[in-house]
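A short write-up of the structure that comes next.
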Amino acid sequence: MSATAAAAETIADLLSARYGAVDPPAPGPSNEVIRTLLNHRSVRSFLPDRALPAGTLETLVAAASSASTSSNLQTWSVVAVQEPERKARLSVLAANQKFIRDAPLLLVWIADLSRLERLGQARGKEMEGVPYLEAFILALVDAALAAQNAVTAAESLGLGCVYIGAMRNRPAEVAAELKLPPNAMAAFGLSVGWPDPAVRTEIKPRLPLSLVLHRETYGAPAEAEELARYDAALAEFSRRNGMGDTAWTPRVLQRIGTLAGLTGRDRMREVLTAMGFGLR
Ligand SMILES: Cc1cc2nc3c(=O)[nH]c(=O)nc-3n(C[C@H](O)[C@H](O)[C@H](O)COP(=O)(O)O)c2cc1C
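Here the sequence shown is numbered in the UniProt record's numbering, starting from 1 and rising by one per residue.
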């Protein structure tokens with residue numbers, strides 16, 4: 001179903017799709033922002049020849065800049081890549097994913113401590129907090145919040161997006177391609193473009209509220225039963241979308257239950273250290 005078709009759906013329909021019809025919550029307060037958020041789906045098929053309207057990039061980055069940021073430190077940057085050759089080279093570094101080449105815009109979100117480091121250097125002040133793991137976490141959180149604001153902005157305009165964690169498969173080579181300074185790391189990419197209307201996308205069900213929403217304290221009662229119901233809903237989603245009948249559990253076991261599932265990212269600490277991050 002296209003994003004436009006979904007716009008006619010009720011909030012109850014969107015909630016039902018979001019939870020694979022497994023105990024969706026009753027509709028609460030809603031508006032167009034909530035509708036856009038509930039309607040999210042990753043888009044991996046883009047119209048390669050349809051350009052983004054003038055000013056889109058700046059609008060998305062202004063939305064990103066509007067996200068909250070730890071202590072207003074703003075430890076993120078974004079590199080906008082539009083040159084086909086550079087996108088093609090980056091796609092090779094990121095598991096050869098075709099949509100990186102097809103989408104007119106690739107945004108690479110940078111966990112960026114380099115600006116603070118330069119600021120310290122300019123004032124002859126050692127930035128004692130920079131070489132700590134906490135600073136790196138802060139930069140990653142800032143980059144993620146900024147990027148997600150851009151995604152919501154893009155989707156509200158009818159554009160499609162997909163994040164690219166594979167941009168971390170070969171972080172040093174990505175950094176070289178983007179000429180990143182030390183203390184800056186490509187946290188993930190984001191392809192942005194017009195969804196190909198010929199390719200149907202569907203809202204992917206998420207874990208039920210009962211598993212992710214804990215009231216007052218953490219508790220996981222009936223987790224096994226709830227996961228079994230979610231597995232069935234996701235398997236059904238996979239079947240409908242020509243992805244076999246894989247449920248959630250087997251995917252998790254493959255993705256995070258094996259080192260192979262880390263696709264080379266098991267050496268992250270070593271690589272980050274070489275890129276200048278202290279991670280103390
Ligand atoms: C940080 C991050 C990295 C991701 N990396 C990739 C990727 O490299 N390739 C891909 O096809 N999808 C990638 N995704 C998209 C997820 O697979 C997708 O969001 C998830 O399966 C849920 O589907 P949905 O976004 O359609 O709801 C990534 C998502 C996030 C948040």
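Heads up, the beta-carbon is just placed ideally off N, CA and C, and yes, glycines get one too.
### Query
Pick out every residue whose C-beta is nearer than 6 Å to a heavy atom of ligand 3: which are they, in chain order?
No copy of ligand 3 appears in this structure; the ligands present are ligand 1.
### Beta carbon of Q82 nearer than 9 Å to that of R44
Cβ atoms of Q82 and R44: not closer than 9 Å.
### Query
Can you give the Cα-Cα distance for D266 and A260, rounded to whole angstroms?
In a straight line, the C-alpha of D266 is about 9 Å away from that of A260.
### Task
Please determine if the stretch 199-213 and the stretch 10-19 are in contact, where contact requires at least 3 C-beta pairs separated by less than 8 Å.
In the pairwise beta carbon analysis, the stretch 199-213 is classified as touching the stretch 10-19: at least three pairs are separated by under 8 Å.
### Message
At the level of alpha carbons, what is the spacing between T59 and A80?
### Response
Within the model, the alpha-carbon separation for T59 versus A80 is close to 13 Å.
### First through last residue of the alpha helix (DSSP H) which encompasses Y230
Segment E223 to R240, the alpha helix (DSSP H) holding Y230.
### Query
Under the three-state reduction of DSSP, which class applies to V78: helix, strand or coil?
When secondary structure is reduced to three states using DSSP, V78 falls in the strand class.
### Nearest residue (CA-CA) to K179, options L227, A64, V141 and V78
Relative to the Cα of K179, the nearest Cα in the group L227, A64, V141 and V78 belongs to V78.
#### Entry: R123 versus V130 - alpha carbon distance
Roughly 15 Å between the two C-alpha positions.
### Cβ neighbour criterion (16 or more within 10 Å) applied to R18
Answer is buried; the Cβ neighbour count reaches 16.
### Message
In whole angstroms, give me the CA-to-CA distance for T75 and V141.
### Response
For T75 and V141, the gap between their C-alpha atoms comes out near 9 Å.
### Task
Could you tell me whether the stretch 187-198 touches the stretch 207-220, using the rule of 3 or more Cβ pairs below 8 Å?
Proximity of the stretch 187-198 to the stretch 207-220 falls short of the contact definition, fewer than three beta-carbon pairs being nearer than 8 Å.
### Task
Determine the direct distance from the alpha carbon of P29 to that of L279, and round the result to whole angstroms.
Going from the Cα of L279 to the Cα of P29 covers about 42 Å.
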